[in-house]
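Visitor: This structure is in structure tokens; I'll ask about it shortly.
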Ligand code: PLP
């Protein structure tokens, strides 16, 4: 049966009285009460329709409203709603999903540790990195290298690794032992992309010299900087960074929370950028957001070290949740059956092409696309590369309110990462929404 539409006004008032939201400026701010979704569309309690070019929080690969996934979850709940993977306990769904996650990669010797989300996965990967060195007789390897414009999560350590001021100001002392490198973001740095890698690799080598390789556990990075503005590095960046890390015994943690499961046209972005990470963090597209689940995939080497002597001494109640695993399996089935890796690549190429029509707009500094991620750089003045001092958050709100297209604002760029099932018509609708609002932006003198 169809549910009665909730009263949007009343719900907003009840929300104001009882919910604490992340990043909501001001108690009296309006609320958007979402009630249903299908494909790339969402509908709110007032009946307004949205085109979700953000795929929720960049996670809904297969689109909203998939009955098949709902049924997988219900079926699993009826059979075995919960069981743990602590100690010697396991269950069929966790085993199947672990095999599947390894099988879709290019290295079939890897192993899987399940978490409930991305931040939790990053925390686990950091503990693994340090613990591996500790067990191998290098306990001084504790420093982590990270990069500007990175986002790795909201925990104490993952927040510290993020270039995200709200997490690092207002909370007292920092965990520390983190070194920040420049981001491979040639547009922001005002560099020619073909020179960028030389400079960045040189900076990495100098940092290792200064800190001392014997004190560095790992470098963590997103293949594509997501919150940083959907920034894909120059093609030689990751392979060259990997070479330097290997030479110094520093582990590579790839944060694929956003980039895995088709977002850049492959199951794993690692296979596109050409690296073999020691640890890969997964979440989001793993279940398309139908259930909170994450995973850390480790190399065989690391799994062997951590599996020795007492085993890896960290775990969470919801590790390997059977319903999460069943949902992930159903989600991966859809991605495979519907050929969504190729579909994402095709939709992305088309989106990238159509976005070029925005280049004549005075405050558009440029556009870029990589897989099914895209960004529009907004600048302070025509011809400049300086961002708007206030960022692009209010412009994203304007696009939503005027056109119904959901895009994400940021410190510099507007970004999109739609569901992988995006149609040609929806692609054009996204670009038209950008055009309508951006062409009306006042050029300040
Ligand atoms: N890593 C990346 C690259 C992310 O974009 C995010 C969230 O957006 C996280 C980690 C944190 O994941 P979660 O919000 O599930 O804790």
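Residue numbers (the UniProt record's numbering): 25 to 469.
All C-beta atoms, glycine included, are put in the ideal place defined by N, C-alpha and C.
1. Does ligand 1 have a heavy atom nearer than 7 Å to the CB of residue 254?
2. Taking 7 Å as the cut-off, is the CB of residue 176 close to at least one heavy atom of ligand 1?
3. Using the beta-carbon count (16 or more within 10 Å), is residue 275 buried or exposed?
4. For residue 453 and residue 459, I'd like the C-alpha separation in whole angstroms.
5. For residue 308, count the other beta carbons within 10 Å of its own beta carbon; 16 or more makes it buried, fewer makes it exposed. Which is it?
6. Consult DSSP for residue 161 and reduce its assignment to one of helix, strand or coil.
7. What are the start and end residues of each continuous alpha helix (DSSP H) run of 4 or more residues lying completely inside the stretch 269-313, in chain order?
8. Rounded to the nearest angstrom, what separates residue 319 and residue 179 at their Cα positions?
9. For residue 398, which residues does DSSP report across the bridge?
10. Could you pull the DSSP bridge partners for residue 10 from this structure?
11. Between residue 81 and ligand 1, is there a pair consisting of the residue's CB and a ligand heavy atom that are separated by less than 7 Å?
12. Any idea what DSSP makes of residue 170, helix, strand or coil?
13. Kindly indicate the opening and closing residues of the alpha helix (DSSP H) around residue 22.
14. Name the two residues that bound the continuous beta strand (DSSP E) containing residue 76.
15. Go ahead and pull the three-state DSSP assignment for residue 410.
16. I'd like the list of long-range same chain contacts for residue 226, defined as Cβ closer than 8 Å, with 5 residues on each side in sequence excluded.
17. Going by DSSP in three states, residue 385 sits in which element: helix, strand or coil?
18. Are the Cβ atoms of residue 296 and residue 441 separated by less than 8 Å?
Guide: Taking the definition as stated:
1. Taking the chain shown and counting its residues from 1, one reaches residue 254 at position 230. Because no heavy atom of ligand 1 lies under 7 Å away, the Cβ of residue 254 does not count as near it: no.
2. In the chain shown, residue 176 corresponds to position 152, counting from 1. Answer for residue 176: yes, Cβ within range of ligand 1.
3. As a working mapping, residue 275 is identified with position 251 in the chain shown. The residue is buried, with at least 16 neighbouring Cβ atoms inside 10 Å.
4. Position 429 of the chain shown, counted from the start, is the residue given in the question as residue 453. Position 435 of the chain shown, counted from the start, is the residue given in the question as residue 459. Rounded to whole angstroms, residue 453 to residue 459 spans 10 Å at the Cα level.
5. As a position in the chain shown, residue 308 is number 284, starting the count at 1. Result: buried.
6. The residue given as residue 161 occupies position 137 in the chain shown. Here residue 161 sits in coil by DSSP.
7. 294-297
8. Within the chain shown, residue 319 is the residue found at index 295, counting from 1. Within the chain shown, residue 179 is the residue found at index 155, counting from 1. So the alpha carbons of these two residues sit roughly 16 Å apart.
9. What you label residue 398 is simply residue 374 of the chain shown in a count that begins at 1. In DSSP, residue 398 forms a bridge with 393 and 440.
10. The shown model of the chain, from 25 to 469, leaves out residue 10, and the question about it has no answer.
11. Along the chain shown, one-based indexing puts residue 81 at 57. Yes, ligand 1 has a heavy atom inside 7 Å of this Cβ.
12. On the chain shown, residue 170 is found 146 positions in, with the first residue counted as 1. In this structure, residue 170 counts as strand in the three-state DSSP scheme.
13. Residue 22 is absent from the model: the chain starts at 25 and stops at 469.
14. Within the chain shown, residue 76 is the residue found at index 52, counting from 1. 73-76 is the span of the beta strand (DSSP E), which, as asked, contains residue 76.
15. Locating residue 410 in the chain shown gives position 386, where the first residue counts as 1. It is coil, neither helix nor strand.
16. For the purposes of this step, residue 226 is identified with residue 202 of the chain shown, where counting begins at 1. Closer than 8 Å at the Cβ level, and outside the excluded window around residue 226, lies no residue.
17. Position 361 of the chain shown, counted from the first residue, corresponds to residue 385. Note: residue 385 maps to coil in three-state DSSP.
18. Position 272 of the chain shown holds residue 296. Position 417 of the chain shown holds residue 441. No, they are not a contact pair.
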